[in-house]
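As structure tokens, the structure follows; a few thoughts come after it.
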Amino acid sequence: MNDVQGPMVEVLYSCMGCGLKKRRVTVRERPAVQAVGEWINEMVMRYVGLDHMAMSPLCTHPKADLMLPYADHIGQARRQ
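Everything in the sequence shown is counted per the working numbering, starting at 9 for the first residue and increasing by one.
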């Protein structure tokens with residue numbers, strides 16, 4: 009589903025409207041120079057929205073409950 013290149017990070021979401029629980033979506037990792045809000049709007053909500061529409065096409069709940077990945081910085085994978 010993803011058409012982006014580069015490091016990826018996994019995001020979980022649930023929907024209170026249709027009952028989807030902890031669906032996994034992989035999105036591009038947030039670059040250090042990109043604001044968290046911009047990254048969420050651009051990458052996360054885009055792919056969460058597409059996945060949710062595919063899984064529950066009749067759900068009209070306006071928002072998904074996001075569970076962002078555990079990271080030192082939101083949207084950036086932890087480095088070992």
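Cβ coordinates follow ideal geometry from the N, Cα and C atoms, glycine included.
First and last residue of the uninterrupted alpha helix (DSSP H) at residue i
i   : result
E6  : Coverage of the chain is limited to positions 9 through 88, which leaves residue 6 absent and any answer about it impossible.
G57 : 53–63
Between the CA atoms of residue j and residue i - distance to the nearest angstrom
i   : j   : result
G25 : C67 : 7 Å
P70 : V33 : 18 Å
R31 : P65 : 15 Å
Q42 : N49 : 11 Å
E18 : A62 : 18 Å
D73 : C23 : 6 Å
L58 : L28 : 14 Å
H60 : G14 : 23 Å
Exposed unless 16 or more other CB atoms sit within 10 angstroms - verdict on residue i
i   : result
M51 : buried
Selection from the options that minimises the alpha carbon distance to residue i
i   : options       : result
R36 : D73, R54, A62 : R54
M16 : V44, S22, P39 : P39
Extent of the continuous beta strand (DSSP E) to which residue i belongs
i   : result
V44 : That residue, V44, is in no beta strand (DSSP E); its alpha helix (DSSP H) goes 44–47.
R36 : 31–36
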